[in-house]
Structure formats: C-alpha cells, structure tokens
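For reference, the structure is listed below as structure tokens.
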C-alpha cells in the first residue's frame, strides 16, 4: 500500500467523534483498519481574483491518485500535533506556498477505497489567502494545479464527481458554509 516504510510508520493522532485525542497509531495501521484520526484539508484563495487553488494528486499516491482536490491535505502528528502548524508545513512541502491559515470548520467522513484501505477522518478545513506566489509543487505529491472560481468548482463537482477525491465534496461544502 505505501511506497516506503518510512511513510507507513508516520505517527497519526487517533481521536473520538468530538475530535479529542485518544491515542496514537501509525499511518499504515490507521488506514488499514479505518481508525478515526485527525486530518486537515487546506483551501487557498487568491486575494485578488477570489479563485480557489486545486491540485491534481500524483499518480503514485496510495489512495485517490490522479483525482482533483483542495490545495493540500495531511495529518498532524509527525512534527507537531497542532493542526495549523502541521498544515502550514505541509502546504509549503507540497506546493511551496507560505500562508497564514485559519480554521473554517470541520467534518467527519469515512470512505473505503478497497479492502484494507480506508479513510476515517476528523478533518479540519482551513483557509489561506495569498497574493502572487509561484507554485513550486512537489511531483511526488502533486501532478498539476489550477485556479478556479468557486462556482465553477461546484458546478464541475456536481457534473463530474468522479474527477474529485472522495472527501472533496464535504470539504468544499464545509469551506463555503
């Protein structure tokens, strides 16, 4: 499932349905057993155009490869248990973007990709607003990116849901609420 054992052993914060920490697991165990864990989904909005940055996930991702999603996603726990701090680091690692982030909301979701591969996340939705910045994406994580109007994203998501990661519908609806 994982391309390397180092990634498989990354610590993941297990939570209850209120988002309160109840323990730790590894990334591999949490995703193989469908354990509820802490996550974040970052949306980046351009300060002048109002457009939202979307990324197309790299082909080598262990789940949802080649699908479109919000700017970046991840799990607190490797370097910091703080959601905002972890998200800032992940955003810079995946896209080369530095931004202040704020929490817009959270949601819980469960999705089975295949036998023994699940997402079960208590997911914080975060927003960053940026001006002109070069997007320097990490090709191990991202294969493409684009800026889209919010209405254009929603329309495309309704017409072509198969193009998007399974969490994206809930994430963007939490973001715009």
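Numbering (my numbering), first residue to last: 14 to 190. For each residue, glycine too, the CB sits at the ideal point set by N, CA and C.
In the structure shown, residue 95 adopts coil according to DSSP, grouped into three states. The stretch 56 to 74 makes no contact with the stretch 39 to 46, as fewer than three CB pairs between them are under 8 angstroms.
Excluding sequence positions up to five before and after residue 125, its CB lies within less than 6 angstroms of the CB of 131, all in the same chain and listed in chain order. By the Cβ-count criterion, residue 127 is exposed, with fewer than 16 other Cβ atoms from all chains shown falling within 10 Å of its own Cβ.
Distance from residue 56 to residue 65 at the Cβ level is roughly 6 angstroms; contact confirmed, criterion being Cβ atoms closer than 8 angstroms.
Between the alpha carbons of residue 111 and residue 151 lies a distance of about 14 angstroms.
With respect to residue 117, residue 138 sits close: the two C-beta atoms are nearer than 7 angstroms. Annotation for residue 190: 118 place their beta carbon closer than 7 angstroms to its own, counting only its chain and skipping 5 residues before and after.
The count of Cβ pairs closer than 8 angstroms, one atom from the stretch 18 to 33 and one from the stretch 81 to 100, reaches three, so the stretches are in contact.
Remark: C-beta atoms of residue 178 and residue 82 approach each other more closely than 7 angstroms.
One thing to note: residue 39 has its Cβ no nearer than 7 angstroms to the Cβ of residue 120.
Taking C-alpha positions only, residue 31 is separated from residue 122 by approximately 13 angstroms. Residue 68 is classed as buried because its beta carbon has at least 16 other beta carbons within 10 Å across all chains shown.
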